[in-house]
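Working notes for the structure below.
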Amino acid sequence: MKKFLSVLLSAALAASVMTACGSGNSGSTNETTPAAQSEESAAASETEGAESAADSQASAASGETVNIGVIQYTQHASLDEAYEGFVAGLEEAGYVLDENLHIDFQNASGDTSTAQTICDNFKNSGVDLVLAIATPAAQSAVNTFDGTDVPVLFTAVTDAVEAQLVDSNEAPGKNVTGTIDMPVIADQIQVIKDILPDATRLGILYTSSEANSEIQAEEAQAAAEALGFDVTVATASNTNEIQQTMTSVVGSVDAIYIPSDNGFASAMGTVNSIAVENQLPVFCAVEAMIQEGGIATTAINYYDLGKQTAAQAVRILNGESASQIPVENQEDCGLVVNKTFADSVGVTIPEDILSEAVTVY
1 MKKFLSVLLS
11 AALAASVMTA
21 CGSGNSGSTN
31 ETTPAAQSEE
41 SAAASETEGA
51 ESAADSQASA
61 ASGETVNIGV
71 IQYTQHASLD
81 EAYEGFVAGL
91 EEAGYVLDEN
101 LHIDFQNASG
111 DTSTAQTICD
121 NFKNSGVDLV
131 LAIATPAAQS
141 AVNTFDGTDV
151 PVLFTAVTDA
161 VEAQLVDSNE
171 APGKNVTGTI
181 DMPVIADQIQ
191 VIKDILPDAT
201 RLGILYTSSE
211 ANSEIQAEEA
221 QAAAEALGFD
231 VTVATASNTN
241 EIQQTMTSVV
251 GSVDAIYIPS
261 DNGFASAMGT
271 VNSIAVENQL
281 PVFCAVEAMI
291 QEGGIATTAI
301 NYYDLGKQTA
311 AQAVRILNGE
321 SASQIPVENQ
331 EDCGLVVNKT
341 FADSVGVTIP
351 EDILSEAVTV
361 Y
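Just so we're aligned, residue 1 is where the sequence shown starts under UniProt numbering, counting upward by one.
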């Protein structure tokens, strides 16, 4: 990879001559200019866009195979979708698996020591770039590759600054950047109030070993109390305690809120079973958890988040420093409703909320 990066500039300049005309799907974001612009400004904008597209094409077509190590902290739908989106985004940019792209995908199965071992193996194998999916995986990757010339990307991380992955979202300060999945938690709590206007007691459940979950839980508690909820917080130290944590709040809360939590996300079958048995409404932070056993939320799309991360990877492969690429969030959140699960716990979704939903299960 280092060889192709060293010749990238000359290749990109040559490719830009060929792509400046007639490349309708070049990936340029500046092909069209407002009618009011001068002809000179329009030409400059088109040239800039063509050069950007040419950079990506030159990198992907260089003949070199890019080796990416991917570490996913655990297996659940949201993280899986982020990875799938990442691969799809790379393919759209010309990096195709088994052609000019090799990915060593590893799953830590929710174990931090395994995550560290995986990252050590990536370092020994000489990968060109690392993608870490979820906060604990990202922390292991940043710890392993700190001070090296191997860039680290992350996705599905709630707060990159609090997790000490970057100095700031605007200026990472390290050879690290990525995308975060911090939702507007106040909006999610408002959804609970809109669907259950008479509810007064809210349980907030999360895995205590996940720093990202604790951050969300604190914000959720503040938002819930602002809406008049009496809040009960219950935590599980690992997935084996989730059943006990769920049952501990039965009878003392009117509804449950679960943040974007890897432990609970991987145990939604257990959550669903206890909720249905006790007719206890559950609301979650992410769509995949709603699909598996929650009522509603305003959620980001993890597949799209993965594609957004792939765009950052392409910029790095084109020669940009990860430290100069700001951490990004997904701006648009859509209302997601699981009417089937709501019915199973005796909750009727108001028609006005159903009409606003972008997805209804």
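Here a beta-carbon is modelled for each residue, glycine too, at the ideal position from N, C-alpha and C.
Length of the line joining the Cα atoms of residue i and residue j
| i | j | result |
| --- | --- | --- |
| Gly27 | Ala313 | The predicted model places Gly27 with a pLDDT of 34, which falls under 50 and marks its position as unreliable; any figure quoted below should be read in that light. So the two alpha carbons sit approximately 15 Å from each other. |
| Gly346 | Asn107 | 37 Å |
| Ser56 | Thr155 | For Ser56, the pLDDT reaches just 48, beneath the cut-off of 50, and the residue's location in the model is therefore unreliable, although a value from the coordinates is still provided. For Ser56 and Thr155, the distance between alpha carbons rounds to 21 Å. |
| Val358 | Lys339 | 13 Å |
| Ala299 | Ala199 | 22 Å |
| Ser248 | Gln216 | 21 Å |
| Val253 | Thr232 | 7 Å |
| Leu5 | Ala132 | Any reading at Leu5 needs caution, since the residue's pLDDT is 42, under 50, leaving its predicted position unreliable; the model's value is listed next. Cα-Cα distance, rounded: 23 Å. |
| Ser237 | Phe229 | 25 Å |
| Ile204 | Ile242 | 13 Å |
| Leu354 | Phe341 | 14 Å |
| Pro183 | Tyr206 | 16 Å |
| Ser125 | Asp352 | 54 Å |
| Thr65 | Phe105 | 16 Å |
| Ser113 | Tyr257 | 29 Å |
| Glu219 | Asp261 | 14 Å |
| Ser109 | Ser213 | 18 Å |
| Val250 | Phe264 | 17 Å |
Proximity to residue i [Cα-Cα], best of the options
| i | options | result |
| --- | --- | --- |
| Tyr73 | Asn100, Gln116 and Asp98 | Gln116 |
| Ala211 | Ala234, Ala160, Val250 and Gly178 | Ala160 |
| Val87 | His76, Ala77, Pro259 and Val70 | Val70 |
| Thr348 | Tyr95, Ala138, Thr270 and Pro281 | Pro281 |
| Glu328 | Asn240, Gly126, Ser168 and Gln139 | Ser168 |
| Glu331 | Gly89, Tyr302 and Gly294 | Tyr302 |
| Gln291 | Gly263, Val360 and Thr270 | Val360 |
| Met246 | Lys307, Ser273 and Ala223 | Ser273 |
| Gly319 | Asp128, Glu170 and Glu81 | Asp128 |
Contact under 9 Å by Cβ, residue i with residue j
| i | j | result |
| --- | --- | --- |
| Thr158 | Ile180 | yes |
| Ala310 | Gly147 | no |
| Val130 | Ile185 | no |
| Val150 | Gln164 | no |
| Ser266 | Gln139 | no |
| Ser78 | Val336 | no |
Any C-beta of chain D under 9 Å from that of residue i
| i | result |
| --- | --- |
| Gln279 | Absent from the structure: chain D. Only one protein chain is present. |
What ranges does the alpha helix (DSSP H) occupy inside the segment 68–149, keeping only unbroken runs of at least 4 residues that lie completely in it? As summarised for the segment 68–149, the continuous alpha helix (DSSP H) elements at least 4 residues long and confined to that stretch are 77–92, 112–125 and 135–145, given in chain order.
Suppose only complete runs of 4+ residues qualify. What are the alpha helix (DSSP H) ranges in the segment 173–203, listed by chain order? Runs found: 185–195.
Assess, as a yes-or-no matter, whether the segment 288–299 is touched by the segment 183–202 under the definition of 3 or more beta carbon pairs within less than 8 Å. With the cut-off at 8 Å, the segment 183–202 and the segment 288–299 touch.
At least 3 beta-carbon pairs within less than 8 Å: the segment 319–337 vs the segment 164–177: Counting Cβ pairs under 8 Å, three or more are found: they touch.
Unbroken alpha helix (DSSP H) runs of length 4 or more, entirely within the segment 253–279: which are they? Here the runs fully enclosed are 262–265 and 268–277.
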